[in-house]
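For the sequence shown, position 433 matches number 433 in UniProt numbering, and the numbering has no gaps at all.
Think of the CB as a built atom: it goes at the ideal place given N, C-alpha and C, for glycine as much as any other residue.
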Amino acid sequence: MFASLPLRYKFWAVNAVAFAVTLVLVALAIIWETQGRNAALAEQAAQLISSQHWQSVPSSFWDSDPVLGKLDGSQVIKGQGYWQVFAERAPAYALAVFALMLLVLVASQLLISFILSHLLHLQRSMLTAQQQGDLTVRARFSGNDEVAQMAQAFNSMQSSYQHVLSMAQQVAQTIDHEAKQLRSSMQDNGRALAQQQGETNQAATAVEEMSATVLQVAEHAANTRDQSSEADRLAGHGAHVVKTAGNAIQTLADGVEKTAHVLQRMVDDSRQIGGMLGVIHGIAEQTNLLALNAAIEAARAGESGRGFAVVADEVRALAQRVQQSTDEISSTLAALEKASEEAQNFMGQSREQAEQCVQQAGQAGAALDAITQAVAQMRDNNTQIASAAQEQSQVAGEISRNIVRIRDVTEQTVVSNRSAQQIGTELGDDSAKLTQALAKLKL
């Protein structure tokens, strides 16, 4: 209860205790003075009795003396009571006690006023800092007493809080700025990943179309090979007819004409295959460019795009292999087309020679032998085309699977980017709240 009293009342209580202690000391002083006086009187009386001079003293003296008296012819010491001494010394003690208590009261009031003025100023500074959030408030102080030390400690605490919160405000502003940059970067990455995902889907579609084209090339190569076998058989049969009978020249001419038509179809098919190979070559170049773009985007993505970069490199390598294969097939088809055209021209000349003269049957037989060789070569070339087309089909399938894996990785990256973007948004909101809270403080 005493601890909860105001400081002024505590000083008054101390003054009351000091007054009570002073009264006790006054009472003890009266007791000690009374006892001292009585002891001195007893000693004087003893000396008087021992000298026998008291007998010559008149009786009226003993009756009037306040200290000594005569009882039955003997002397006794009356002494002084406490109240007598108190009554005698009361004015002096009262004046001393009053002066002392007045001095203590004035000194305590001055001390109370001095302490309370500093404490009230310190209290107002603290309340201002608390209510207004003003960390620039400082308590004025002088000297090095306890109150000054409290004010100095409060000022040091304000300076520390001001420094810490200033740093916190700077950090919050930095975090807010970086969170905005992170959110912007995540949005850019999201758009880039969306574009990359669309391009990956286009690449997958292109590879599927390329696979279908390769299958068609393989089918055409197989058909051409079969037709070459048929042409070889017809050419052999024509040679046998030329060698066995001259009257079969017309039949040979018909066979040559049929062979010319077959060669024409073969030339047309070769040109068609060449056109398809051009398409495949263009698709391979586009795949190579897409893979290169994917590798660049993966490098921009950093650690999360490393696996995507490896797959993009594999796609690029496969696209280059496709380009090489198409170049080889194109060269083979060009040679085949040239040979077919030469065979067709030769067959035309053989037909004219067969119609002009039977004697040229031998030459026609030789031409048929050449045709047989050319057809055999064409059959071998078609076999190579079919094998290359089958290999290219396998490569296209591998490219398709790799692109599907790239697409899956891209989708996972898109999901991760959305999560990172959400985290960046939450971080920006939190930093904005922190900045707003710190802005309410006066630093």
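Alpha carbon of residue i to alpha carbon of residue j, nearest angstrom
i, j, result
"Gln162", "Ala301", "41 Å"
"Glu33", "Ala20", "20 Å"
"Asn201", "Ala339", "42 Å"
"Ala27", "Ser117", "38 Å"
"Gln286", "Ala366", "48 Å"
"Gln264", "Val404", "42 Å"
"Arg183", "Asn155", "41 Å"
"Gln324", "Lys180", "48 Å"
"Ala194", "Ser419", "15 Å"
"Ile385", "Ala335", "12 Å"
"Ile406", "Asn345", "52 Å"
"Gln196", "Val415", "14 Å"
"Thr259", "Glu337", "15 Å"
"Met101", "Ile31", "22 Å"
"Ala222", "Arg271", "15 Å"
"Ala218", "Thr244", "39 Å"
"Gln75", "Pro91", "Below a pLDDT of 50, predicted positions are generally treated as unreliable, and Gln75, at 46, falls in that range; no measurement from the model is reported."
"Glu342", "Asp369", "14 Å"
"Ala107", "Val17", "15 Å"
"Met150", "Lys433", "34 Å"
"Gly275", "Ala317", "23 Å"
"Ser229", "Arg379", "7 Å"
"Leu103", "Ser166", "51 Å"
"Thr128", "Gln187", "46 Å"
"Ala96", "Val24", "14 Å"
"Ser400", "Ser331", "26 Å"
"His121", "Gln173", "35 Å"
"Gln153", "Arg124", "Note that residue 153 corresponds to Ala in the displayed sequence, not to Gln. Spanning the two alpha carbons is a distance of roughly 15 Å."
"Thr224", "Asp269", "8 Å"
"Ile175", "Thr410", "29 Å"
"Thr413", "Ser431", "26 Å"
"Thr326", "Gln320", "10 Å"
"Gln436", "Thr205", "52 Å"
"Leu289", "Ile283", "10 Å"
"Thr213", "Gly198", "23 Å"
"Thr110", "Ala99", "Checking the sequence shown, residue 110 turns out to be Leu, not Thr. Near 16 Å, if we compare the C-alpha coordinates of Ala99 and Leu110."
"Val311", "His237", "55 Å"
Residue i at chain D interface by Cβ criterion, 7 Å
i, result
"Ala18", "Looking for chain D here will not work: only one protein chain is present."
Measuring CB atoms only, is the stretch 282–299 touching the stretch 369–376, in the sense that at least three cross pairs come out at less than 8 Å?
no
Do three or more CB pairs link the stretch 201–212 to the stretch 423–436 at distances below 8 Å?
no
Please go through the stretch 372–397 and give each complete beta strand (DSSP E) segment of 3 or more residues, from N-terminal end onward.
none
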